[in-house]
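Working notes, beginning with the structure itself.
Number of protein chains: 2
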Amino acid sequence: MRTPPPGLRERKKQATREALREAALRLAVERGPDQVRVEDIAEAAGVSPRTYNNYFASREQAIVAAVTADREARIAAAVAARPAGVRLADAVTEAVIEQYTNTGEREHEALLLITTRTALRDAFLDTAAGIEPPLTAVIAERLGDAGARTARVLAASVAAAVRIALEGWLQPGGSFGAGGLVVPSGSLPDQLRAALAPLAPAFDAAERHT
Amino acid sequence: MRTPPPGLRERKKQATREALREAALRLAVERGPDQVRVEDIAEAAGVSPRTYNNYFASREQAIVAAVTADREARIAAAVAARPAGVRLADAVTEAVIEQYTNTGEREHEALLLITTRTALRDAFLDTAAGIEPPLTAVIAERLGDAGARTARVLAASVAAAVRIALEGWLQPGGSFGAGGLVVPSGSLPDQLRAALAPLAPAFDAAERHT
DNA sequence: CAGGAAAAGTGCGTACACGCAAGTTTGCGT
DNA sequence: ACGCAAACTTGCGTGTACGCACTTTTCCTG
Numbered sequence: 001m002r003t004p005p006p007g008l009r010e011r012k013k014q015a016t017r018e019a020l021r022e023a024a025l026r027l028a029v030e031r032g033p034d035q036v037r038v039e040d041i042a043e044a045a046g047v048s049p050r051t052y053n054n055y056f057a058s059r060e061q062a063i064v065a066a067v068t069a070d071r072e073a074r075i076a077a078a079v080a081a082r083p084a085g086v087r088l089a090d091a092v093t094e095a096v097i098e099q100y101t102n103t104g105e106r107e108h109e110a111l112l113l114i115t116t117r118t119a120l121r122d123a124f125l126d127t128a129a130g131i132e133p134p135l136t137a138v139i140a141e142r143l144g145d146a147g148a149r150t151a152r153v154l155a156a157s158v159a160a161a162v163r164i165a166l167e168g169w170l171q172p173g174g175s176f177g178a179g180g181l182v183v184p185s186g187s188l189p190d191q192l193r194a195a196l197a198p199l200a201p202a203f204d205a206a207e208r209h210t
Numbered sequence: 001m002r003t004p005p006p007g008l009r010e011r012k013k014q015a016t017r018e019a020l021r022e023a024a025l026r027l028a029v030e031r032g033p034d035q036v037r038v039e040d041i042a043e044a045a046g047v048s049p050r051t052y053n054n055y056f057a058s059r060e061q062a063i064v065a066a067v068t069a070d071r072e073a074r075i076a077a078a079v080a081a082r083p084a085g086v087r088l089a090d091a092v093t094e095a096v097i098e099q100y101t102n103t104g105e106r107e108h109e110a111l112l113l114i115t116t117r118t119a120l121r122d123a124f125l126d127t128a129a130g131i132e133p134p135l136t137a138v139i140a141e142r143l144g145d146a147g148a149r150t151a152r153v154l155a156a157s158v159a160a161a162v163r164i165a166l167e168g169w170l171q172p173g174g175s176f177g178a179g180g181l182v183v184p185s186g187s188l189p190d191q192l193r194a195a196l197a198p199l200a201p202a203f204d205a206a207e208r209h210t
């Protein structure tokens, strides 16, 4: 039912999208994020500046997209791939961690770049929201038709938790707050686990209700 | 400990903010949302266009802010006001519903306006995210220092759920999906209750863990 | 394999967002 | 009461976002 051979039109679109992503990241690394205008990216990708904005709503999105790629779809697929027996909460948690730690060398370099500019950091954190639609779909599949709204809420909560985890991870260092304990920002998997853990009871209850 | 008499500076800031809000809403109602430029709003409020953007990051924010006002703070206060005995999940749910249904006549008219333009609709939905910081604070107070991250996740989840509820509420009509059931978009309180319900188990577990 | 409909790309014009470097007002210590 | 420092406002300049009308490309159906 899925993927009836994608036509030329769709393939060209994806090619343009990727060309813009790659051009944006390359230029940003080469000359620094602030020395890249959309005009430069568009030119490097061989399209008009106007077309750039048909694909990305902001200058930062293209740069960030090169790192993010299609992580959203991969997370959803990873959840769907788990056997139906495992707890939904575990399936989601592991799928998220799995797809966020499969990071190549080039991506790591790009992340360092991203942390240096607030605008890029924000754009990167915003990508976490992108996992909501596909996650909603796979969760809804497990919960059945009655749990459509619940699936949506849970998916959105996961997206929010992931955002929080990423935020904590990108945070410079553990600050020694007045009278507070030191909170060393752990590894990314740890941050993700900690952020997603509080949602597990909600998943369990939703699953039980089917 | 709070509200050491706010100085002149702060009062002027709030006055400017409100002047901009009111001017934006009034002009939008008078001549239609698309016939209002930031320049017009700024002029009507007696400040420079540049100052407008010191208060609001987008053209739509000011219009929406006139309806939203300081709902975020009121929700947090309403939660804090509940006796310590009640379930945290219930306290939050009731506080949210309470503050979202205290809607005057003028606000209702403005909401009709908002639904007519996608940009305004989006800006309005984005305001739901604003409840996260104050909610985080009150929830963290109940959970203690150990549950800081949990409080953050729960607050963000509530914000996401509220957004979903508002989205469903603003949705025109129940669509008769192929083979699916009719889903009449209920009243706002109903939507909020339905969206927040799945999170209750997470709140209960968090409370139990203290 | 035409030929028309739909979609993607483009040029142009307008308005918006925001950094920067003044100028102005408020707050506070002495 | 004075005056300095911090905060707020503003003008200016640059780059970005996007609506609209038009051209080019891809798709589909007879």
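Read top to bottom, the protein sequences are chains A and B. With the first letter of the first sequence counted as 1, position 110 gets the number 110 in full-length UniProt numbering; the numbers rise by one all the way through. With the first letter of the second sequence counted as 1, position 74 gets the number 74 in full-length UniProt numbering; the numbers rise by one all the way through. For each residue, glycine too, the CB sits at the ideal point set by N, CA and C.
Using the three-state DSSP reduction, which class does A:P201 fall into: helix, strand or coil? helix
Taking a Cβ distance cut-off of 7 Å, strictly less, list which residues of the region 189 to 203 of chain A are near chain B, in chain order. A194, A195, P198, L199, P201 and A202
To be precise: take each residue of the region 90 to 101 of chain B, compare its Cβ to all Cβ atoms of chain A, and keep it if any distance is under 9 Å. Which residues remain? none
Exposed unless 16 or more other CB atoms sit within 10 angstroms - verdict on A:G144: exposed
Round the Cβ separation of B:A160 and A:A156 to the nearest angstrom and send it over; I've been treating them as touching at under 8 Å. 4 Å
Starting from the beta carbon of A:T150, find every residue of chain B whose beta carbon is closer than 7 Å, and list them in chain order. P198
Beta strand (DSSP E) runs wholly inside the region 32 to 107 of chain A, at least 3 long, in chain order: none
Counting only beta-carbon atoms, is residue 211 of chain B nearer than 8 Å to chain A? As shown, chain B starts at 1 and ends at 210. That puts residue 211 of chain B outside it, with no answer to give.
How many Å lie between B:A42 and B:T103 at the Cα? 27 Å
Whether A:V67 touches B:I164 by CB criterion (8 Å): no
Distance check for B:V64 and B:L120, CA to CA, integer angstroms please. 7 Å
So with Cβ pairs under 8 Å, would you call A:V38 a contact of chain B? no
Exposed unless 16 or more other CB atoms sit within 10 angstroms - verdict on A:V92: buried
Cβ of B:V153 less than 8 Å from any chain A Cβ? yes
A:E207 vs A:L88 beta-carbon contact at 8 Å: yes
Under three-state DSSP, which class holds B:S187? coil
For A:I164, decide whether its Cβ has a neighbour in chain B, counting only Cβ atoms nearer than 8 Å. yes
Within chain B, partners of A:A57 - CB distance below 8 Å: Near A:A57 there are no residues of chain B at all, since even the closest Cβ is about 12 Å away, more than 8 Å.
Do you know offhand how far B:T51's Cα is from A:A77's? 47 Å
Does DSSP put B:T210 in a helix, in a strand, or in coil? coil
Would you kindly report the start and end of the unbroken alpha helix (DSSP H) that includes A:P133? E132 to L143
Rounding to the nearest angstrom, what Cα-Cα distance links A:A28 and A:R21 in this structure? 11 Å
Put B:G147 into one of helix, strand or coil per three-state DSSP. helix
Can you name the start and end residues of the alpha helix (DSSP H) that B:R121 belongs to? T118 to D126
Are the C-beta atoms of B:A161 and some chain A residue less than 8 Å apart? yes
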